[in-house]
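Data block below; observations after.
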Amino acid sequence: MTPERYKSKEDTMPPQKHDLINQEMQDLNNDGIDRRGFLKCMAWAGTGLIWTMSGGVPVSQVFGKNLNSGKPGNFSFAQISDSHMGFNKPANPDVVATLQAAVDKINGLATAPEFLLHTGDISHLSKPDQFDTVDQVLKGASAKDVFFVPGEHDVLDDNGASYLARYGRNAQGAGWYSFDHKGVHFIGLVNVINLKSGGLGSLGAEQLEWMHRDVAHLKHSTPIVVFAHIPLWSVYPEWGWGTDDSEQALGYLKKFGSVTVLNGHIHQTMQKVEGNVTFHAAMSTAFPQPAPGQAASPGPMKVPAERLRSVLGVADLNYLRHPHSLAIVDSSLA
Amino acid sequence: MKKMAIEGLAMCLIVAVILLATSPSMQASNEASAAVAGVTIDNFSFTPQTLTVSVGATVTWTNRDDIPHTVVSTDDVFKSKVRDTDETFSYTFTKPGTYNYFCSIHPKMTGKVVVQ
Numbered sequence: 005m006t007p008e009r010y011k012s013k014e015d016t017m018p019p020q021k022h023d024l025i026n027q028e029m030q031d032l033n034n035d036g037i038d039r040r041g042f043l044k045c046m047a048w049a050g051t052g053l054i055w056t057m058s059g060g061v062p063v064s065q066v067f068g069k070n071l072n073s074g075k076p077g078n079f080s081f082a083q084i085s086d087s088h089m090g091f092n093k094p095a096n097p098d099v100v101a102t103l104q105a106a107v108d109k110i111n112g113l114a115t116a117p118e119f120l121l122h123t124g125d126i127s128h129l130s131k132p133d134q135f136d137t138v139d140q141v142l143k144g145a146s147a148k149d150v151f152f153v154p155g156e157h158d159v160l161d162d163n164g165a166s167y168l169a170r171y172g173r174n175a176q177g178a179g180w181y182s183f184d185h186k187g188v189h190f191i192g193l194v195n196v197i198n199l200k201s202g203g204l205g206s207l208g209a210e211q212l213e214w215m216h217r218d219v220a221h222l223k224h225s226t227p228i229v230v231f232a233h234i235p236l237w238s239v240y241p242e243w244g245w246g247t248d249d250s251e252q253a254l255g256y257l258k259k260f261g262s263v264t265v266l267n268g269h270i271h272q273t274m275q276k277v278e279g280n281v282t283f284h285a286a287m288s289t290a291f292p293q294p295a296p297g298q299a300a301s302p303g304p305m306k307v308p309a310e311r312l313r314s315v316l317g318v319a320d321l322n323y324l325r326h327p328h329s330l331a332i333v334d335s336s337l338a
Numbered sequence: 335m336k337k338m339a340i341e342g343l344a345m346c347l348i349v350a351v352i353l354l355a356t357s358p359s360m361q362a363s364n365e366a367s368a369a370v371a372g373v374t375i376d377n378f379s380f381t382p383q384t385l386t387v388s389v390g391a392t393v394t395w396t397n398r399d400d401i402p403h404t405v406v407s408t409d410d411v412f413k414s415k416v417r418d419t420d421e422t423f424s425y426t427f428t429k430p431g432t433y434n435y436f437c438s439i440h441p442k443m444t445g446k447v448v449v450q
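Pasting the structure below:
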């Protein structure tokens with residue numbers, strides 16, 4: 005499905021609409037896509053609007069509905085990213101407090117997530133005490149299982165050896181792995197190791213071969229969730245916001261009806277749907293970064309203190325077994 | 335008389351040595367005669383991007399960003415530890431040549447040192 009075919013959601017945008025599932029069924033039966041309306045919806049990302057992906061059609065709804073009530077096979081998980089523990093510059097002098105706020109947000113969700121994904125830059129400088137602090141704060145989350153992938157800040161100086169020692173017990177290579185949860189296949193990838201001069205994020209041949217084998221046996225109807233630190237689509241290569249060999253990885257996923265790709269690294273929400281694949285980048289829990297090309301560099305963006313928590317956040321993902329959809333809610337910490 | 339001449343010569347030599355040692359640091363950092371030279375890191379960029387120095391020169395990189403960076407030679411000639419804000423890395427170039435380098439965590443950041 006091409007972007008031009010997206011349904012206009014202008015009439016469903018205001019936050020007073022009703023039941024998401026009814027909404028979703030209704031949208032599945034509608035035609036008449038309007039790109040302008042779709043882009044307008046995009047602007048709501050991060051302000052508490054819900055997105056449901058169903059057959060490639062994005063559906064928006066207000067944050068806070070209990071999507072999973074009583075439906076067997078449905079579940080939620082939450083994504084947090086870029087906690088940069090140890091960062092203490094003016095853009096956020098207290099990253100512990102904002103990570104704690106993210107955990108509080110997760111614990112307050114209408115549907116308790118069954119596990120957490122952390123999409124990297126756990127620490128700012130790969131220091132043991134920084135990882136310790138994150139682990140300690142995340143212990144306060146209602147969801148006890150946390151699945152990590154490293155960001156470039158987690159593999160400094162030792163090429164990821166200490167990250168692997170801590171988080172890579174069940175991982176392959178530089179820390180990649182997959183697991184299944186209630187019929188959904190999750191793939192955690194590492195694209196921050198052995199980066200080449202002038203290049204972008206990199207998965208590397210060994211990991212690509214592993215991924216090819218990993219998905220080969222899966223049925224085409226299996227929903228796939230891929231998570232990695234650096235975006236697996238070309239967000240803004242000028243700032244390194246992309247992955248050199250992501251196309252090869254996505255090529256292995258062409259046969260699947262539903263693929264969701266979750267990333268961090270860019271410290272802002274961004275979303276794109278391309279064919280069967282929904283790409284989504286989450287906010288940081290530590291500090292915001294500028295929109296692509298809107299500053300001299302992608303460095304930390306200082307906003308007034310009272311605004312900081314409105315540009316940090318978590319993503320809540322709700323999987324509905326019928327009709328196979330994944331709703332993504334970006335929720336700020338404000 | 336002879337002693338004075340020797341002293342005078344010695345003084346000249348001392349002055350010359352002092353001049354040699356201090357004058358390069360007064361010059362723009364991209365001049366070929368520099369014995370010490372600096373590269374700054376601001377906004378995810380190395381400045382100057384191409385630095386020309388003489389054999390024996392010591393180059394010091396200073397990170398002025400709020401984000402850590404590294405300085406890594408593409409040919410494994412030198413490799414810094416991660417450098418956080420205001421931290422530095424120095425390397426002395428003992429052989430002529432062109433040394434390309436980059437930040438291994440932000441590989442779009444590249445630079446070059448030409449040693450003559």
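Read top to bottom, the protein sequences are chains A and B. Heads up, the first sequence is in the numbering used here, so the first residue is 5 and it goes up one at a time. Heads up, the second sequence is in the numbering used here, so the first residue is 335 and it goes up one at a time. Cβ atoms here follow ideal geometry from the backbone N, Cα and C, with glycine treated the same way.
- In the three-state reduction of the DSSP assignment, glutamate 213 (chain A) falls in the helix class, which pools H, G and I.
- For the stretch 105-137 of chain A, the residues whose beta carbon sits under 7 Å from a beta carbon of chain B are, in order, Leu129.
- By the neighbour-count criterion, in which a residue is buried when 16 or more other Cβ atoms sit within 10 angstroms of its Cβ, aspartate 410 (chain B) is exposed.
- Within chain A, the C-beta atoms nearer than 7 Å to that of serine 438 (chain B) come from Leu199, in chain order.
- Proximity of aspartate 400 (chain B) to chain A, defined by a Cβ-Cβ separation below 9 Å, is satisfied.
- Remark: fewer than three beta-carbon pairs, one from each stretch, lie closer than 8 Å, so the stretch 108-115 of chain A and the stretch 171-189 of chain A are not flagged as touching.
- For phenylalanine 423 (chain B), the enclosing beta strand (DSSP E) has its first and last residue at 422-426.
- Judged by DSSP in its simplified three-state form, valine 389 (chain B) adopts coil rather than helix or strand.
- The C-beta of lysine 415 (chain B) comes closer than 9 Å to at least one C-beta of chain A.
- Residues of chain A with a Cβ closer than 7 Å to the Cβ of aspartate 418 (chain B) are, in chain order, Leu129.
- Exposed is the label assigned to phenylalanine 183 (chain A), since fewer than 16 other Cβ atoms lie within 10 Å of its Cβ.
- Tyrosine 435 (chain B) belongs to the set of residues whose beta carbon lies under 9 Å from a beta carbon in chain A.
- As a beta-bridge residue in DSSP terms, valine 265 (chain A) pairs with A:Val230 and A:Phe283.
- Among the bridge pairs identified by DSSP, asparagine 397 (chain B) is matched with B:Ile375.
- In terms of beta-carbon proximity, aspartate 86 (chain A) stays away from the interface with chain B, with every pair separated by 9 Å or more.
- When C-alpha distances from alanine 295 (chain A) are compared across A:Asn96, A:Leu168, A:Val263 and A:Trp243, the shortest belongs to A:Trp243.
- When A:Trp237, A:Glu251, A:His284 and A:Val159 are compared, the shortest CA-CA separation from histidine 216 (chain A) is found for A:Glu251.
- For proline 382 (chain B), the nearest beta carbon of chain A is not closer than 9 Å to its own beta carbon.
- Short of 8 Å from the beta carbon of alanine 147 (chain A), and not among the five residues preceding or following it, lie these beta carbons of its own chain, in chain order: Phe81, Ala82, Ile110, Ala116, Pro117, Glu118, Phe119 and Leu120.
- Partner residues in the beta bridge of tryptophan 245 (chain A), as assigned by DSSP, are A:Tyr240.
- Within the DSSP bridge table, the entry for lysine 148 (chain A) names no partner.
- Taken through DSSP and simplified to helix, strand or coil, arginine 313 (chain A) comes out as helix.
- By the Cβ test, the stretch 419-430 of chain B is not in contact with the stretch 153-169 of chain A, since fewer than three Cβ pairs between them sit closer than 8 Å.
- Contact annotation for glutamate 156 (chain A) against chain B: Ile439 [CB-CB distance below 7 Å, chain order].
- Chain order gives the chain A residues near phenylalanine 378 (chain B) as Trp243, Gly244, Ala300, Ser301, Pro302 and Gly303, where near means a beta carbon separation below 9 Å.
- Put simply, the backbone Cα of alanine 101 (chain A) is about 12 Å away from that of phenylalanine 91 (chain A).
- Residues of the stretch 196-226 of chain A with a C-beta atom less than 7 Å from some C-beta of chain B are Leu199, Lys200, Ser201, Gly202 and Gly203, listed in chain order.
- At the C-beta level, threonine 247 (chain A) and isoleucine 234 (chain A) come within 9 Å of one another.
- Beta-bridge analysis with DSSP links methionine 89 (chain A) to A:Ser127.
- One thing to note: threonine 392 (chain B) has its Cβ within 9 Å of the Cβ of alanine 371 (chain B).
- Beta-carbon to beta-carbon, leucine 337 (chain A) and alanine 106 (chain A) are separated by about 6 Å, close enough to satisfy the 8 Å threshold.
- Shown in chain order are the members of the stretch 150-177 of chain A whose Cβ falls below 8 Å from a Cβ of chain B: Glu156, His157, Leu160 and Asp161.
- In this structure, tyrosine 323 (chain A) places its C-beta atom within 9 Å of the C-beta atom of asparagine 78 (chain A).
- Residues of the stretch 273-295 of chain A with a Cβ closer than 7 Å to any Cβ of chain B: none.
- Contacts with chain B at 9 Å (Cβ-Cβ) do not include alanine 331 (chain A).
- Per DSSP, phenylalanine 183 (chain A) is one residue of the beta strand (DSSP E) stretching across 181-185.
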